[in-house]
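Q: Once you've had a glance at the structure underneath, I'll fire off some questions.
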Amino acid sequence: MLTREDTIAAIATPYGVGGIGIIRVSGPYSEKICQALFKPASASGPLKNRYLYHGDIISPETGTIIDEVLIAVMKGPHSYTGEDTLEIYCHGGFLVLRAVLSEVIKLGARLAEPGEFTRRAYLNDRLDLSQAEAVTDLITARTDRGRALALAGLKGTLSKELQSIRSVLIDILACLESSIDFTEEDISSVSCRNLSEDVDNVLARINAILSTYKEGKLFRDGLDVVITGKPNVGKSSLMNRLLGEKRAIVTPIPGTTRDFIEETINIQGIPVKITDTAGVRNSTETIEKEGIAFVWEKVMAADIVIILIDGSTCLGEEDVEVVDRNKERKTVLVVNKSDLPPRITDAELADLMPGVKPLRISAKYGSGISELRERIFSLASDDERFTESDVVLTNLRHKISLEKSAEALTAAKDNISLGSSPELSAFDIRDALHYLGDIAGETMSEDVLDRIFSNFCIGK
Ligand SMILES: Nc1nc2c(ncn2[C@@H]2O[C@H](COP(=O)(O)OP(=O)(O)OP(=O)(O)O)[C@@H](O)[C@H]2O)c(=O)[nH]1
Ligand SMILES: [Mg+2]
Numbered sequence: 085m086l087t088r089e090d091t092i093a094a095i096a097t098p099y100g101v102g103g104i105g106i107i108r109v110s111g112p113y114s115e116k117i118c119q120a121l122f123k124p125a126s127a128s129g130p131l132k133n134r135y136l137y138h139g140d141i142i143s144p145e146t147g148t149i150i151d152e153v154l155i156a157v158m159k160g161p162h163s164y165t166g167e168d169t170l171e172i173y174c175h176g177g178f179l180v181l182r183a184v185l186s187e188v189i190k191l192g193a194r195l196a197e198p199g200e201f202t203r204r205a206y207l208n209d210r211l212d213l214s215q216a217e218a219v220t221d222l223i224t225a226r227t228d229r230g231r232a233l234a235l236a237g238l239k240g241t242l243s244k245e246l247q248s249i250r251s252v253l254i255d256i257l258a259c260l261e262s263s264i265d266f267t268e269e270d271i272s273s274v275s276c277r278n279l280s281e282d283v284d285n286v287l288a289r290i291n292a293i294l295s296t297y298k299e300g301k302l303f304r305d306g307l308d309v310v311i312t313g314k315p316n317v318g319k320s321s322l323m324n325r326l327l328g329e330k331r332a333i334v335t336p337i338p339g340t341t342r343d344f345i346e347e348t349i350n351i352q353g354i355p356v357k358i359t360d361t362a363g364v365r366n367s368t369e370t371i372e373k374e375g376i377a378f379v380w381e382k383v384m385a386a387d388i389v390i391i392l393i394d395g396s397t398c399l400g401e402e403d404v405e406v407v408d409r410n411k412e413r414k415t416v417l418v419v420n421k422s423d424l425p426p427r428i429t430d431a432e433l434a435d436l437m438p439g440v441k442p443l444r445i446s447a448k449y450g451s452g453i454s455e456l457r458e459r460i461f462s463l464a465s466d467d468e469r470f471t472e473s474d475v476v477l478t479n480l481r482h483k484i485s486l487e488k489s490a491e492a493l494t495a496a497k498d499n500i501s502l503g504s505s506p507e508l509s510a511f512d513i514r515d516a517l518h519y520l521g522d523i524a525g526e527t528m529s530e531d532v533l534d535r536i537f538s539n540f541c542i543g544k
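Residues 85 to 544, numbered by our numbering, are exactly what the sequence shown covers, in order.
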């Protein structure tokens, strides 16, 4: 069980070598730890709040200098965690950081759990839960659009919209509750005539947020695209072309790629993981067979499959097998080597995949690649236009709570229009409020919080 009475500490920068490395301390001992460890180069007397000081970290036991640092004390409640905090900007070497951290621990702090600083920020009302969750999204964002959405979440754009929805619901609830105190005949005299319309408006606002989830998830989690086809069609060349670097081995020998290779690229803000796979053919060779078994696994898990065909040779059995295996999937039919004389006609392609418009490219020379990126984007978005709005739902937990809230509101609306007793509708509205409150983390149990914060890194 974590308590907030103790003082926590962690290295907040990544492991490895860097210009600086930061140790973060939060809790009631922060200032004392600073006094015990730090000798300022020039200042005297107690360190001022939110000032940066230059000096040495000195081991209280041995009197030896451990590092020359900058240090800042930030007193609660105006700090990230809401508690007294200390940040020590050390030289960025792992041994330096470990030595300073160990002195901090000796002085009474304990090592922080993953996400514990942000958890304290949430427990001290510096952030609501959805904002705290946006912190990891921001750190792990892989494209600019993903980063912008996470930042909007952290700044509270979703929280504010939900807060405003909740205040409308509270008004509706007040109306319903006041009418409960009146007799049946008096109900109409209470000024709550448009309740059904009010609930409808709230439902529309919730549905508008819900409708952004697909987009939010796409920008946050991205999607998986697998390149498949028979050997030597240019899968690895296409992989390299999409990445803009030579990542996969390309040779004229069929069967070059044995294992799969995965890398992420950015397509209009969506992080797209591209997987290059082994060429598909009937093989008796163990390594190649294993590689091909992987292909089918990867293809099954993919969001979009690129079926690659070599346009400079005739269609073969393996091409047909690849197409057959992907009948149920979202696919792009890509014909490579368009720089060479074509050996496959449009009619043959139409026979192979009826109703599908093939895309001719040259992975070697780069033609057709931007069209391919566009095809991937429009398949991913189902040709829907994305909002420019900042209130975009990216988190499954939030989506589930919003859906439950919408369900409760629909029930409330039905009860109101059926003229049922106001108690019933009030009950539904309270439910809806409760689910909205879950998003901000108003009534979260410890184990839900444990689950959420365990995904954070240590020191955040
Ligand atoms: N002319 C031409 N040659 C290409 C093109 N794309 C790939 N190639 C050549 O085709 C050969 C095979 O390319 P790879 O990218 O290794 O093909 P692969 O599909 O990954 O092959 P495996 O890994 O063996 O399944 C190489 O010699 C490439 O240079 C292209 O657009 N035009
Ligand atoms: Mg290859």
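The C-beta atom is built at its ideal place from N, Cα and C for all residues, glycine as well.
Ordered along the chain, which non-local residues of its own chain (more than five positions away) have a Cβ less than 6 Å from that of His-138?
A: Within the same chain, His-138 has close Cβ partners Ala-125 and Leu-154.
Q: Note down, one range per segment and in chain order, each beta strand (DSSP E) of at least 3 residues found wholly within the region 298 to 385.
A: You should have 307 to 313, 345 to 351 and 354 to 360.
Q: Using the Cβ count rule (16 or more neighbours within 10 Å means buried), how would you classify Pro-130?
A: Its Cβ having fewer than 16 others within 10 Å, Pro-130 is exposed.
Q: If Leu-246 sits next to Ile-523, beta carbons under 8 Å apart, how far is it from one beta carbon to the other, in whole angstroms?
A: Indeed, because the Cβ distance is near 6 Å, the residues count as touching under 8 Å.
Q: Just the Cα atoms here: how many angstroms apart are Arg-457 and Ile-542?
A: Going from the Cα of Arg-457 to the Cα of Ile-542 covers about 37 Å.
Q: Do you know offhand how far Pro-98's Cα is from Gly-105's?
A: Distance between the alpha carbons of Pro-98 and Gly-105 is about 8 Å.
Q: What whole-angstrom Cβ distance do Lys-314 and Asp-403 have, given they're in contact under 8 Å?
A: With 8 Å as the limit, Lys-314 and Asp-403 qualify as a contact, their Cβ atoms being about 6 Å apart.
Q: Measure how close the beta-carbons of Thr-296 and Phe-540 come, nearest whole angstrom, since I'm counting them as under 8 Å.
A: That pair is no contact at about 24 Å.
Q: At a threshold of 8 Å, does Lys-357 count as lining ligand 2 (C-beta to nearest heavy atom)?
A: No - ligand 2 has no heavy atom lying nearer than 8 Å to the Cβ of Lys-357.
Q: Once you ignore the five residues that flank Ile-290 on each side, which residues in its own chain have a CB closer than 8 Å to its CB?
A: Excluding positions up to five away in sequence, the list reads Ile-249, Leu-486, Ser-489, Ala-490 and Leu-493.
Q: Would you mind stating whether Lys-421 and Ala-447 have Cβ atoms separated by less than 9 Å?
A: Yes, these two residues count as a Cβ contact at 9 Å.
Q: For Pro-506, does the three-state DSSP call read helix, strand or coil?
A: In the structure shown, Pro-506 sits in a helix (DSSP, three-state: H, G or I).
Q: Quick one: which unbroken beta strand (DSSP E) runs of 3-plus residues sit fully inside the region 392 to 424? Chain order, please.
A: Those beta strand (DSSP E) runs which fall completely within the region 392 to 424 and span 3+ residues are 415 to 420.
Q: Determine the DSSP secondary structure at Ile-428, reduced to helix, strand or coil.
A: If DSSP states are grouped into helix, strand and coil, Ile-428 belongs with coil.
Q: One question on the structure: do Leu-517 and Leu-253 come within less than 9 Å of each other, judged by their Cβ atoms?
A: Going by C-beta atoms, Leu-517 is nearer than 9 Å to Leu-253.
Q: Counting Cβ pairs, one atom from each stretch, are 3 or more of them under 8 Å apart for the region 371 to 382 and the region 335 to 350?
A: Touching, yes.
Q: Quick one, which of Asp-212, Ser-214, Leu-233 and Leu-213 has its alpha-carbon nearest Leu-222's?
A: When each option's Cα is compared against that of Leu-222, the closest is Leu-233.
Q: What does the Cβ neighbour count give for Leu-424, buried or exposed, with the cut at 16 atoms within 10 Å?
A: With fewer than 16 Cβ atoms within 10 Å of its Cβ, Leu-424 is classed as exposed.
Q: Return yes when the C-beta of Asn-479 is under 8 Å from any heavy atom of ligand 1, and no when it is not.
A: No, the beta carbon of Asn-479 sits no closer than 8 Å to any heavy atom of ligand 1.
Q: What is the residue span of the alpha helix (DSSP H) that Cys-118 lies within?
A: From DSSP, the alpha helix (DSSP H) with Cys-118 extends over 114 to 121.
Q: Sorted by chain position, which residues of the same chain lie with C-beta nearer than 8 Å to Leu-399's C-beta, five sequence neighbours on each side aside?
A: Same-chain partners within the cutoff: Ile-393, Ile-428, Glu-432 and Leu-436.
Q: Measure the C-alpha to C-alpha separation of Tyr-113 and Lys-159 and round it to an integer number of angstroms.
A: One C-alpha to the other measures close to 11 Å.
Q: What alpha helix (DSSP H) runs, 4 residues minimum, are completely inside the region 181 to 240?
A: Fully enclosed alpha helix (DSSP H) runs of 4 or longer: 200 to 207, 213 to 224 and 228 to 239.
Q: If you scan the region 467 to 505 from start to end, which runs of the alpha helix (DSSP H) of 4 or more residues do you find wholly inside it?
A: Entirely contained in the region 467 to 505, the alpha helix (DSSP H) runs reaching 4 residues are, in chain order, 480 to 501.
Q: Does the distance between the C-beta of Thr-321 and the nearest non-hydrogen atom of ligand 1 fall short of 8 Å?
A: It should be noted that the sequence gives Ser, not Thr, for residue 321. Checking every heavy atom of ligand 1 against the Cβ of Ser-321, one is found closer than 8 Å.
Q: Going straight from the alpha carbon of Glu-89 to that of Ser-538, what length do you get?
A: Roughly 20 Å between the two C-alpha positions.
Q: Ignoring anything shorter than 4 residues, give me the alpha helix (DSSP H) runs that lie fully in the region 240 to 264, in order along the chain.
A: Qualifying alpha helix (DSSP H) stretches, in chain order: 241 to 264.
Q: Taking the alpha-carbon of Gly-166 as reference, which of Glu-261, Arg-203, Ala-156 and Asp-140 has the nearest alpha-carbon?
A: Minimum Cα distance to Gly-166 is reached at Arg-203.
Q: Taking 8 Å as the cut-off, is the beta-carbon of Ile-393 closer than that to any non-hydrogen atom of ligand 2?
A: No; taking the cut-off as 8 Å, the Cβ of Ile-393 has no heavy atom of ligand 2 nearer than that.
Q: Closer than 8 Å by C-beta to Val-274: which residues in its own chain qualify, once you throw out the five before and the five after it? Chain order, please.
A: For Val-274, the predicted model reports a pLDDT of 47, less than 50, meaning its position is unreliable; a value from the coordinates is still stated below. The answer, listed in chain order, is Cys-259, Ser-262, Ser-263 and Phe-266.
Q: Where does His-482 land, buried or exposed, given buried means 16+ other C-beta within 10 angstroms?
A: His-482 is buried by the Cβ-count criterion.
Q: Select from Glu-369, Lys-357, His-175 and Pro-426 the residue whose C-alpha is nearest the C-alpha of Ser-396.
A: If we check each option's Cα against that of Ser-396, Pro-426 comes out closest.
Q: Closest Cβ-Cβ distance between Gln-215 and chain D: below 9 Å?
A: Included in the structure is just one protein chain, with no chain D present.
Q: Hey, Phe-303 and Pro-336: beta-carbon distance below 9 Å or not?
A: Against a cut-off of 9 Å, the Cβ pair of Pro-336 and Phe-303 comes out as no contact.
Q: Report the rounded CA-to-CA distance for Gly-521 versus Pro-338, giving the unit in angstroms.
A: Using only the alpha carbons, I get a separation of about 58 Å.
Q: Does DSSP put Val-101 in a helix, a strand or coil?
A: Note: Val-101 maps to coil in three-state DSSP.
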